[in-house]
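Working notes, beginning with the structure itself.
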Amino acid sequence: MFDAEYDEGDATYFDDLKEEMHKQAQLNRAEFEDQDDETRVQYEGFRPGMYVRLEIENVPCEFVLNFDPHYPMILGGLGNSEGNVGYVQLRLKKHRWYKKILKTRDPLILSLGWRRFQTIPMFYIEDHNGRQRLLKYTPQHMHCGAAFWVVFPLEYKIILNRIGE
1 MFDAEYDEGD ATYFDDLKEE MHKQAQLNRA EFEDQDDETR VQYEGFRPGM YVRLEIENVP
61 CEFVLNFDPH YPMILGGLGN SEGNVGYVQL RLKKHRWYKK ILKTRDPLIL SLGWRRFQTI
121 PMFYIEDHNG RQRLLKYTPQ HMHCGAAFWV VFPLEYKIIL NRIGE
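Counting from 1, one number per residue, gives the positions in the sequence shown under UniProt numbering.
Right, here's the structure in full:
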C-alpha cells in the first residue's frame with residue numbers, strides 16, 4: 001500500500017507543507033526585493049551566504065595569548081528561549097544491547113546535537129485514563145515516558161554585526 005501511494009505520486013501532507021513553504025519563500029523574496037540589506041536583515045535575519053563579524057566580550061587573556069590561527073575555532077550559540085529552564089518529556093525504550101536497567105532519579109548524560117548535559121529523569125507510564133504513574137525502573141520490552149528539567153547556560157554574550165559597519 002505504501003509503495004503504491006509513493007509510486008503513483010499522490011501528494012502527501014509533507015509535499016503540501018513543502019509547497020506552502022516554497023510559496024511563502026517566493027512571496028517573501030518578492031516583497032523584500034527592493035529593500036536594502038539592513039532592512040532585510042531586520043525582518044528576515046541573516047540569509048545564508050552573508051558575512052557577519054563576531055565580537056566576543058570578556059574573552060580571557062589566555063585565549064588571546066595561546067590562539068593559533070592554523071586550528072579552527074568552532075563557535076556555537078543558543079537561541080533566546082534556550083537560556084532558561086525547560087521541562088522535557090520524551091518516550092523511550094531501553095535498547096536490547098544495553099545490559100543495565102535504567103532507574104528513576106539516576107543521573108544521565110544526554111546529548112542533543114552538539115549540546116551535552118546531565119539530568120535526572122523520572123520514568124513513568126501512562127494509564128488508560130491519561131494518568132502518568134511513576135516507575136522505579138524502565139520496563140523490559142516496553143516503551144515508557146521520561147520527564148526531566150534542562151538548563152541551557154549562556155556563557156558568552158555574542159554580538160552579531162555585519163562586516164563593514
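Yeah, the Cβ is synthetic: ideal placement off N, Cα and C, and Gly gets one too.
Being a predicted model, the structure only gives us computed values, none of them experimental.
The residue from 50, 117, 86, 141 with its alpha-carbon nearest to that of residue 96 is 141. For residue 21, there is no enclosing beta strand (DSSP E); the residue is part of the alpha helix (DSSP H) that begins and ends at 13 to 31. By the neighbour-count criterion, in which 16 or more other beta carbons inside 10 Å mark a residue as buried, residue 144 falls on the buried side. When C-alpha distances from residue 86 are compared across 40, 43, 117, 30, the shortest belongs to 117. With fewer than 16 neighbouring CB atoms inside 10 Å of its own CB, residue 72 falls in the exposed class. Partner residues in the beta bridge of residue 144, as assigned by DSSP, are 92. For residue 149, the pairing in a beta bridge is given by DSSP as 87. The criterion of a C-beta distance shorter than 9 Å is satisfied by residue 137 and residue 103. According to DSSP, residue 117 shares a beta bridge with 110. Residue environment for residue 123: buried (at least 16 other C-beta atoms within 10 angstroms of its C-beta).
Residue 25 counts as exposed, since fewer than 16 other beta carbons sit within 10 angstroms of its beta carbon. Considering only 66, 149, 127, the residue with the shortest C-alpha distance to residue 120 is 149. Boundaries cannot be given for residue 75, as no beta strand (DSSP E) includes it and DSSP labels it neither H nor E. At least 9 Å separates the beta-carbon of residue 88 from that of residue 30.
Residue pairing of residue 126 in beta bridges, as defined by DSSP: 132. Non-local C-beta neighbours of residue 90 in its own chain, meaning closer than 6 Å and more than five positions away in sequence, comprise 146, ordered along the chain.
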